[in-house]
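Visitor: In the working numbering, the protein residues as written are 485 to 784.
Right under this line is the structure:
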């Protein structure tokens, strides 16, 4: 095959998951989620997991990188890349078609443009060991391991020196990444249609228990209000409402407006990818028949 991956991208509320599932059903594929929030357990409504979309004609389409960690843990682009390459290898070994789908364009970009990232862990035993050394010893280690050090401010205090050493070492532990040749299908809709869909979806999520979901994160997962903001717009604004800093109407209006702004930023990301030379096949809405025409013409 000319391509070893299909990528489905587009702004929020355009039906990416449903289209990816239909493609997986038709072409014997499995889906790898590219969503920075759907990795978290117990965060279903606010992240729009829509698990029912993965069932097509009674068949459950396999999906990956959803519900894999607890919300008190951090998840990075490096984590995503590492797990993506593991999953794409497993799917290919099953002689099935990998399909990358999601709304976190940074994750998609990291794969399509082959970001070279190393693992950085400031909670490691290695970091603790470095912090036990005196400052002069750390300076010697850093300059020995990074002779071309440009940022001399790293030598200003002990913590920064230790962190600089960890970062420097991480660059030597980069993963060997297989070459990705992706057929990219981008769902395109008029801006007014996206805005209508966002507002309709938000009302449905609020009616279906999204506020109770956030209450559960606070009560049963020990998630702080500050931490909620880390999980994105829905959790941030509902957190402000539950904390008493916004009334319900203000929460709804501000959240609705913020999601519209987020969708505009997603479009900006997509245009950036095109300017960089990534070929995106645009389709009007999540039209499976149009996507199938593109796949049949390009994939084989």
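Backbone N, C-alpha and C define an ideal beta-carbon position, used for all residues, glycine too. In this text, all values refer to a predicted model and were calculated from it rather than measured experimentally.
#1: Would the stretch 500-515 count as touching the stretch 579-594 if we require 3 or more Cβ pairs under 8 Å?
#2: Cβ of residue 500 within 8 Å of Cβ of residue 770?
#3: At 4 residues or longer, and completely inside the stretch 578-662: list those alpha helix (DSSP H) runs for me, N to C.
#4: Determine contact between the stretch 729-738 and the stretch 546-563, defined as no fewer than three beta-carbon pairs at a distance below 8 Å.
#5: Comparing alpha-carbon positions, which option in 598, 555, 701 and 778 lies nearest residue 566?
#6: Check each candidate in 774, 782, 729 and 611 and name the one with the smallest Cα separation from residue 763.
#7: Whole beta strand (DSSP E) runs in the stretch 493-540 with 3 or more residues, listed along the chain?
#8: How close, in whole Å, do the beta carbons of residue 523 and residue 572 come, if the pair is a contact with beta carbons under 8 Å?
#9: Distance, Cα to Cα, residue 728 vs residue 709?
#10: Would you decide whether residue 637 is buried or exposed? Buried here means 16 or more other CB atoms lie within 10 Å of its CB.
#11: If you draw a straight line from the alpha carbon of residue 538 to that of residue 726, how long is it in whole angstroms?
#12: Go ahead and label residue 541 buried or exposed: buried means 16 or more other beta carbons lie within 10 angstroms of its beta carbon, across all protein chains shown.
#13: Taking only the alpha-carbon atoms, compute the straight-line gap between residue 526 and residue 630 and give it to the nearest angstrom.
#14: Whole-angstrom Cβ separation of residue 588 and residue 696, contact assumed at under 8 Å?
#15: Does the beta-carbon of residue 492 have 16 or more other beta-carbons within 10 angstroms, so that it is buried, or is it exposed?
Guide: Reading from the atomic positions:
#1: yes
#2: yes
#3: 589-596, 609-615, 619-629 and 642-654
#4: no
#5: 598
#6: 782
#7: 513-517
#8: Between residue 572 and residue 523 the Cβ distance is about 17 Å, and since that is not below 8 Å, they are no contact.
#9: 11 Å
#10: Low per-residue confidence applies at residue 637: pLDDT is 48, beneath 50, and the placement is therefore not dependable, though the value from the model is reported in the following sentence. Exposed: under 16 other Cβ atoms inside 10 Å.
#11: 32 Å
#12: exposed
#13: 43 Å
#14: Not quite, the Cβ-Cβ distance comes to about 25 Å (not below 8 Å), so this is no contact.
#15: buried
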